[in-house]
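All remarks here apply to the structure that follows.
Residue numbers (the working numbering): 761 to 1562.
As structure tokens, this is what we get:
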């Protein structure tokens, strides 16, 4: 049978029609995703591509890359997930977020699955498979770290996990794998997938406030009649104390031993809430929450009175550090007591469990704080007490005489301390924890104003410190607390958990305090920025530390290695830092033998402004004076108080630069100015160099750097009037020789304008023949080019004028 012939024109039309249909068909989801990923130039583009693929709203709260109730995403720009170590590190990072969902205050539920993805690969898995790691019941891993820098032990545990090798890496450049992955993810987002199978969030004493806030926002209106909503909340979180009748929209709450209240609540809302959280079965946890529940009714602002109240998240972290040292549940050891002598509004003890409070003494200066703490922390012994004045004569009763004769303590022989506390202080078998954030007011001298008051530290403890000749440190309330604590707890087993600035560890003014009083063994601690305190400046941040000290052994701080953890504002550990405690003889401020003032010279208050009046006129210079180095203070917070001048700068913290100390002065100027000032090093001390002598190349680099630093304020000035005389101020830091100027064609008259007397200046002569590094040579050459251009323009200006 003959085959039918096909009209070629019809065939061509059919092909064109098929092509048009193919072109009009929208590309697949995987094709669209791959097209967007191919154009991605950063991690945010990768995130946007995946969100667009599934029409997801980007939710990055709680630091999540992309959160949905079904899948938690973690994105990278380009990470080789085929490498097990890379895959394990990113998964470990994601487990940090899952742990926070499980135990933290977020109201988000724990998704069923996770997806790790970058531009070319992806990994899909179930979160519940990793429950043993992110719950970490034995606290094997450091969860204080930032998720982006996970604990290496956790990373290793992820890689060794039984589920790790079964994780499939999808390669998105392979069409079938990309399509299969998209399909699997799409199934996760279908309405049929229920969250009942997801891991549930825990309610604990640490996070119950946030859980209650969420519960009350949803159900508070429904239970408002009758008891306080917090009472219904307590019943609801306890397994067996509430029951839902879904088809009637009713919830039965057992609010008393036999009393049941019925409230109408939307079953859908109720079921959703309890699909996220796990009800409590442990009566001890319930009792702890019940004991704390009344704290929710306290005015939150009441806890924040004062300019330096301790932020609650860091107070909680301090309690954790104490437990790591003294022992978990230390309050269950009947030998252990805690005393906060400056309790204020009770922030430091806020996160202690209720069962710890009977072991706690809280004393505070103001009666209103006593009343507040009594309500906030029932069970603790709370009393009004002035630790720097009350009972001081009894505590120091073996030091009756001062340098000027008998000290008058008012004949005090009665006690204000509660009898129970006195008895327990006399019991050598007890262990003591002092958890304290002492006040930092100081009695300043020299007309200081503001919060510092001349009489604020005139206490009876200060009088005792004068007996010991402790100098200006006795003006600080903080130091006075430490002084009495040393006497009160001498010979006892005790730890001191101290929130404070770090000056007592390393500041030169606190040397006597370290030598005579603060001689304890460091155990552990952390620092965080002052910006976390209400009312403090964001522009002048400094480190605040919580350091835990063992008072049992007498140890000088200078002999110890003091390493602290560093936390950011989210209470995430960003690293560690070593605090250097050294004797003042090791400070950089003592490296230069300061020349004596032997002559008068006009003092400046800036580079070119004469200071003729004021309470602090310093107009003396050393022999062979070249200029002065302003170097106030010895820590990084005074970095901006470092500069070079051509006069005796009229302020404390400076000295004359002479040929003898020239090089060291330039080194000090450079090394004080060069470090990048950040909050965590704000109180770091500048130390003497450990190498002596310093390498010549380093010294020369410091000289050249100083010449062109913006803190070089040296100038030349003519006919300066001061103290009835007329002075000439040469700039001994001018770096160009006269011969060089003449070689540039600069006339003697033009030279005389800049260098009266037509003499080579000190620095120009000093630089001759000095070996310079390539970098220093380049800086010097560039500087000479600037000077040459300056004189050329000066010549043009004078020529045009005349």
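Where is the CB? At the ideal position from N, CA and C, for every residue including glycine.
| Item | Value |
| --- | --- |
| How big is the Cα-Cα spacing for residue 1052 and residue 1332? | 26 Å |
| Tell me which residues share the same chain as residue 1392 and place their Cβ nearer than 6 Å to its Cβ, disregarding the 5 neighbours each side in the sequence. | 1398, 1401, 1413 |
| Put residue 1328 into one of helix, strand or coil per three-state DSSP. | coil |
| Grab me the residues of residue 1457's own chain with a C-beta within less than 6 Å of its C-beta, minus the 5 sequence neighbours each way, in chain order. | 1533 |
| Let me know the secondary structure DSSP gives residue 1472 once reduced to three states. | strand |
| Identify whether residue 1500 lies in helix, strand or coil by the three-state DSSP scheme. | helix |
| Are the CB atoms of residue 1418 and residue 1576 within a distance shorter than 9 Å? | A question about residue 1576 goes unanswered here, because the residues of the chain that appear run from 761 up to 1562. |
| From which residue to which residue does the beta strand (DSSP E) around residue 1485 run? | 1485-1489 |
| In whole angstroms, give me the CA-to-CA distance for residue 1169 and residue 1306. | Note that residue 1169 scores a pLDDT of 46, beneath 50, so its modelled location is shaky and nothing firm can be said. |
| Taking the alpha-carbon positions, what's the residue 854 to residue 834 distance? | 7 Å |
| May I have the straight-line CA-CA distance separating residue 799 from residue 904, to the nearest angstrom? | 36 Å |
| Smallest Cα separation from residue 1555: which of 888, 1508, 1191, 1540? | 1508 |
| Over what stretch of residues does the alpha helix (DSSP H) that includes residue 1526 continue unbroken? | 1522-1527 |
| Let me make sure I understand the geometry here. Which of 882, 874, 878, 1247 has the alpha-carbon closest to that of residue 891? | 874 |
| Measuring only the C-alpha atoms, how far is residue 1164 from residue 1285? | Legend: pLDDT at residue 1164 = 43, less than 50; position of this residue unreliable, value from coordinates given subsequently. If I take the Cα positions, the gap works out to 41 Å. |
| By how many angstroms is the C-alpha of residue 1355 removed from the C-alpha of residue 1563? | Since the first residue shown for the chain is 761 and the last is 1562, residue 1563 is missing from the structure and cannot be characterised. |
| Look at residue 1005 and residue 1013 and say whether their C-beta atoms are less than 9 Å apart. | no |
| Does the distance from the CB of residue 1037 to the CB of residue 1102 come in under 9 Å? | no |
| Beta-carbon separation of residue 902 and residue 911 under 9 Å? | yes |
| I need the DSSP call for residue 1456, collapsed to helix, strand or coil. | helix |
| For residue 1182, which option in 876, 1290, 1219, 1141 has the closest C-alpha, if you only look at C-alpha atoms? | 1141 |
| Whose C-beta lies closer than 6 Å to the C-beta of residue 1106 among residues of the same chain, with five residues either side of it excluded? | 1133, 1136, 1137 |
| I need the DSSP call for residue 1118, collapsed to helix, strand or coil. | helix |
| Excluding the 5 residues flanking residue 908 on each side, which residues of the same chain have their C-beta closer than 8 Å to its C-beta? | 853 |
| If contact is defined by three or more beta carbon pairs under 8 Å, each pair taking one atom from either stretch, is the segment 876-892 in contact with the segment 928-948? | yes |
| Tell me the DSSP bridge mates of residue 1303? | 1289 |
| Quick check: the segment 1463-1473 against the segment 1319-1330, are at least 3 beta-carbon pairs closer than 8 Å? | no |
| Count the other CB atoms, across all protein chains shown, that sit within 10 Å of the CB of residue 1016; report buried if there are 16 or more and exposed otherwise. | exposed |
| With distances taken from CA atoms, which of 971, 929, 819 is nearest residue 846? | 929 |
| From the DSSP secondary-structure annotation, give me the bridge partner or partners of residue 1099. | 1121, 1194 |
| Exposed or buried, which one is residue 838 when buried takes at least 16 other CB atoms within 10 Å? | exposed |
| Which residues in the same chain as residue 1060 place their Cβ atom closer than 7 Å to its Cβ, once the five residues preceding and following it in sequence are excluded? | Confidence in residue 1060 is poor, its pLDDT being 46 and thus under 50, which makes the residue's placement unreliable; the coordinate value appears in the next sentence. Taken in chain order, the list of residues that qualify is empty. |
| Grab the span of the alpha helix (DSSP H) containing residue 975 for me, first residue to last. | 968-979 |
| Taking the Cβ atom as the reference point for each residue, do residue 1246 and residue 1152 lie within a distance shorter than 9 Å? | no |
| State the Cα-Cα distance for the pair residue 1523 and residue 1156, rounded to the nearest angstrom. | 60 Å |
| Report the CB separation of residue 870 from residue 861 in whole angstroms; it is logged as a contact under 8 Å. | 5 Å |
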